[in-house]
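Participant:
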Amino acid sequence: MNVNVVCPQCLKVNRLPKKETYAKANCGECKASLLDAKPVIGNASIMAKYVANSDLPVVVDFWAPWCGPCLQMAPHFEKAATAFALKAQFMKINSDDEQTLGAKYNISGIPCVILFKEGKEVDRFTGARDSTQIEAWVRKYI
Ligand SMILES: [Zn+2]
-3 MNVNVVCPQC
7 LKVNRLPKKE
17 TYAKANCGEC
27 KASLLDAKPV
37 IGNASIMAKY
47 VANSDLPVVV
57 DFWAPWCGPC
67 LQMAPHFEKA
77 ATAFALKAQF
87 MKINSDDEQT
97 LGAKYNISGI
107 PCVILFKEGK
117 EVDRFTGARD
127 STQIEAWVRK
137 YI
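Heads up, the sequence shown is in this note's numbering, so the first residue is -3 and it goes up one at a time.
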């Protein structure tokens, strides 16, 4: 069984054998490590590419630089991401820069984290959570 993963560096869709753990996995195009689980800085087109192509859950944090709880949650979101290398793909969207996305997904408060799977939203939460809570929430969809 294979799994499609979007390269966080060059956005090429890579097809990998599905495994429990990976010692090494590099992008076929740019050779970047696909195990680098740092959240991707997204925008509307990057997010669309991930949601449409990734077989992994795509976890998107809608935030803004003026939002205290967003800044408070940021290191927790990064920490949670590292627990899901090639299990889920994490992304951050600045909702000030991407207001059309905010409207499209009906985001009324931030931080708002939406989890997409197979091209569709499956769950979301609003308000800051810590890394343990974020991990537990994502794990339900792995
Ligand atoms: Zn690449």
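The beta carbon of each residue, even a glycine, is placed where N, CA and C say it ideally should be.
Start and end of the beta strand (DSSP E) containing L111?
Facilitator: Mapped onto the sequence shown, residue 111 falls at position 115. It spans 108 to 113 - the beta strand (DSSP E) in which L111 sits, taken as one unbroken run.
Participant: Kindly indicate the opening and closing residues of the alpha helix (DSSP H) around K75.
Facilitator: Stepping through the sequence shown from its first residue, residue 75 is reached at position 79. Where K75 is concerned, the enclosing alpha helix (DSSP H) stretches over 64 to 78.
Participant: When the distance is taken between beta carbons, is V134 closer than 8 Å to A76?
Facilitator: By one-based count along the sequence shown, residue 76 stands at place 80. By one-based count along the sequence shown, residue 134 stands at place 138. Their beta carbons are under 8 Å apart, which means A76 touches V134 by this criterion.
Participant: Just tell me which of G38, F80, V55 has its CA closest to the CA of K15.
Facilitator: Numbered from its first residue, the sequence shown carries residue 15 at position 19. Distance check between K15 and each of G38, F80, V55 places F80 closest, using alpha-carbon atoms only.
Participant: Which residues in the same chain as A84 place their Cβ atom closer than 7 Å to its Cβ, once the five residues preceding and following it in sequence are excluded?
Facilitator: Walking along the sequence shown from the start, residue 84 turns up at place 88. Cβ neighbours of A84 beyond the five flanking positions: L52, P53, V55, V134, I138.
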